[in-house]
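Residues in the sequence shown are numbered consecutively from 74, following the numbering used here.
We put the CB at the ideal spot given by N, CA and C, even for glycine.
All of these numbers come straight from a predicted model, not from anything done at the bench.
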Amino acid sequence: MISGAIVVLRPAAQNVAPGVALPAGPAGPPGKGEKGDKGADGLVRSFAGVSKPDIALSDVVATADDAAAGSATTGLMTPDLTRRHVAASIAATAAGTIGGAIAGKLSSTDLPTTKFATATGQAQRSALDRFTDAVSVLDYVQSGDTDYAPAFTRAIATGKLVRAPKLGAGYDINSQVTVPSGAHIHFEGTSSVRSTSASSVFRLTGYDIASSISGGAIFDMRNAPAGSSALRFGTGSGVVYRVALRDLRFQNCFSAVDCEPHATNYVVDIETRNLVAELTRGRQFYIIRSRGFFTVDMRVDHTRNTSQVTWEGIRLEDVAGLDIDRMDVVGPSTDTVPTVTYQDSAIAIVIANPSNGPVASVYNNGRILVDSVRGPGVLLSYIANFIGGHIQVYAALGQAVRGQNCSDFNTSISVVGMKGNAAAIGSPAVQFDNSQRIRGFAGVQNSPAAGLYMNACTDCALDVLSTGNTGYGAVESGARNRLTGTMRGTGGSFSISGTGSVATNYYANDNAFHLGPTSGAVA
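Listed below in structure tokens is the structure:
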């Protein structure tokens, strides 16, 4: 036990290790009752005539409240007697813990390998413990490694958060790395992740404990073959649970995120936040089967592509419990792809269920946006319970929105078509086939054909604003449908056509409301 107002410590002395008794310093001359008497090793051993043992701690610096200044030359600390000193003790034990009021003056960064308690008895973790909460992948590179794949595998095996520091040269990962349940990888800063893997960079196999990949990574797979993906859910070997993907960019990928094919396995409780794919080489996001708690925030940007896009942007199949925060696809720019040609296969977004699939339960908490694509906009097939949000399609060469065999929709649809563009396809801008209980708002401008077509639909109610179209403002067939609003065709001649629900169709044309006509073709 050391008591008194002055604590004298020598820099760079030995640390107190847990489970090791405190060492005694070499003997010096007997104390003479004078402050500053020290032994042969430079450590003070006398204070007020009482010999004191050394306490071998390193790099402890007194604070202002300790009212002492240390000398780097002698190792002595000179007190300022005009200030209040620490009238307490340091209690060191063989277990390597330090107690007493003065412990509150110290921090774990002062004692790298030592645990201590404050004056109130609150336990403090050592700096070493704090630093080892996470591991750096750079510390797991070994001689003989040709890329960072083995280092990531070793770091993940520690069971701790894996940090990938910002690296100017980037990370080469040329073989697939498995990210199991409970593993977390965080890229600090912006670093390129390059790969030539024929499968994927990371394979995600999460199960009972959450796992994640996040941070400033830019996955660049320009040298990877067709069929590869940056991130892949391991559904080929089991159901994948509780995975979060956040703040990631993808470039030159055939696929950014996809999953392994399987007849029954699925993903569930998946979160994607701020995922952006650009310079695309194929469909970027493809999930074959999901079963709830699937949150989507993803964007596909074709504007930097230098050739025609002939592939889809996003495809989600066999979905149940889909939460859409943001789902955007933007087409090529005429600056980089000046030849504007319709591409039938380049559907921007597909959400499709099998005919015997689950009740989809899609909650659109934000928007679906398609802009300037060279193919169709949004295709919805066998989707039920699509609630909320906005579907916005602007300047698509193909049909903007099509719903097939859908039911129980309540959403808002806005379309600005490409009337007058020779490459645009002459299809109704918004079309529902064999669908029931479609409700909400449909706004269409400048369609190269009809604005809205409700084909063989029943029990639908839509507020429609359809103007400036080449064909009819709206076309309806089916039973018990009600279309209201302002619908104008070319020159204001016929704005609505259909025989299915004539008695309940009302439209405004040239500032007058009329019953819908009993004849007319889809145009």
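Using the Cα positions of residue i and residue j, report the straight-line distance between them to the nearest angstrom.
i, j, result
"ASP331", "PRO501", "32 Å"
"ALA165", "ASP206", "For ALA165, the predicted model reports a pLDDT of 44, less than 50, meaning its position is unreliable; a value from the coordinates is still stated below. Their Cα atoms are separated by approximately 26 Å."
"SER285", "TYR415", "39 Å"
"ASP374", "GLU344", "20 Å"
"TYR545", "LEU348", "39 Å"
"LEU395", "CYS326", "25 Å"
"SER273", "GLU333", "11 Å"
"GLN465", "ALA457", "19 Å"
"SER328", "LEU304", "8 Å"
"ARG295", "GLY404", "20 Å"
"THR226", "ALA534", "56 Å"
"ALA224", "ALA468", "47 Å"
"PRO427", "LEU470", "27 Å"
"ALA419", "ILE498", "13 Å"
"ASP218", "LEU234", "22 Å"
"THR231", "ILE291", "25 Å"
"ALA228", "GLN357", "28 Å"
"GLY262", "ASP220", "20 Å"
"ILE246", "ASN554", "57 Å"
"ALA523", "GLY516", "12 Å"
"ALA299", "PRO238", "30 Å"
"HIS257", "TYR213", "16 Å"
"ILE361", "ASP532", "31 Å"
"PRO84", "SER216", "Unreliable positioning characterises PRO84 in this predicted model, as indicated by a pLDDT of 39, which lies under 50. The coordinate reading is nonetheless provided below. Going from the Cα of PRO84 to the Cα of SER216 covers about 35 Å."
"THR559", "LEU525", "12 Å"
"SER268", "ASN528", "48 Å"
Could you have a look at residue i and say whether DSSP puts it in helix, strand or coil?
i, result
"ILE229", "helix"
"PRO427", "coil"
"PRO602", "Here the chain has residues from 74 to 596 only, and residue 602 is not among them."
"ASP444", "strand"
"VAL214", "coil"
"ALA303", "strand"
"ALA552", "strand"
"ALA224", "helix"
"ASN378", "coil"
"ARG475", "strand"
"ASN494", "coil"
"ILE246", "coil"
"VAL403", "strand"
For residue i, which of the options has the nearest alpha-carbon?
i, options, result
"GLY255", "ASP212, ALA317 and GLY262", "ALA317"
"THR407", "ILE422, VAL435, ASP391 and ARG377", "ARG377"
"ARG236", "PHE514, GLY513, HIS259 and ALA433", "HIS259"
"GLY289", "SER265, ARG305, ALA271 and SER310", "SER265"
"TYR280", "GLY311, ILE291, ASP293 and SER302", "GLY311"
"ALA283", "THR308, VAL252 and PHE292", "VAL252"
"VAL445", "TYR455, LEU277, ASN554 and VAL410", "Position check: residue 445 holds Ser in this sequence, whereas Val was assumed. If we check each option's Cα against that of SER445, VAL410 comes out closest."
"ILE422", "TYR526, GLU390, TYR213 and PHE366", "GLU390"
"LEU352", "ALA425, VAL489 and GLN381", "GLN381"
"SER301", "VAL340, ASN338, TYR359 and VAL313", "TYR359"
"VAL313", "GLY365, ASP370 and TYR244", "GLY365"
"LEU538", "ARG561, CYS530 and VAL548", "ARG561"
"GLY309", "ARG354, THR278 and ILE424", "THR278"
"ASN494", "ARG267, VAL413, ALA242 and ASP370", "VAL413"
"ASP370", "LYS492, ALA529, ILE441 and SER363", "ILE441"
"GLN472", "ASN478, ILE424, VAL503 and ASP481", "VAL503"
Looking only at its own chain, which residues have a Cβ that is under 6 Å from the Cβ of residue i, when we skip the five neighbours before and after it?
i, result
"GLY476", "LEU453, PHE505 and SER508"
"SER485", "HIS463, GLY513 and PHE514"
"ARG372", "VAL349 and ASP401"
"GLN249", "SER270, SER272, SER273 and ARG276"
"ARG322", "ILE291 and VAL349"
"THR379", "THR409"
"ARG510", "SER480, ASP481 and ASP532"
Within the continuous beta strand (DSSP E) that includes residue i, where are the two ends?
i, result
"SER285", "284 to 293"
"GLU351", "340 to 351"
"VAL503", "503 to 506"
"GLU390", "387 to 390"
"GLN324", "313 to 324"
"ALA515", "509 to 518"
"ALA523", "Per DSSP, ALA523 belongs to no beta strand (DSSP E) and is neither H nor E."
"SER487", "480 to 489"
"CYS616", "Look at the range of the chain in this structure, 74 to 596, and you will see that residue 616 is not part of it."
"GLY462", "457 to 467"
"LEU470", "Where LEU470 is concerned, there is no enclosing beta strand (DSSP E), given that its DSSP letter is neither H nor E."
"ARG364", "Unbroken run through ARG364: none, as it is neither H nor E."
Can you find a C-beta in chain B that's less than 8 Å from the C-beta of residue i?
i, result
"ASP370", "The structure shown contains no chain B; it is built from a single protein chain."
Could you name the residues of the same chain whose beta carbon sits closer than 8 Å to that of residue i, not counting the 5 residues immediately before and after it, in chain order?
i, result
"ASN438", "ASP396, ILE397, ASP398, GLY461 and GLY462"
"VAL58", "Any property of residue 58 remains undetermined from this structure, which presents the chain solely from 74 to 596."
Near residue i, what residues of its chain come up, given a Cβ to Cβ distance below 7 Å and the 5 sequence neighbours on each side ignored?
i, result
"THR69", "Here the chain comprises residues numbered 74 to 596, so residue 69 is not present and cannot be evaluated."
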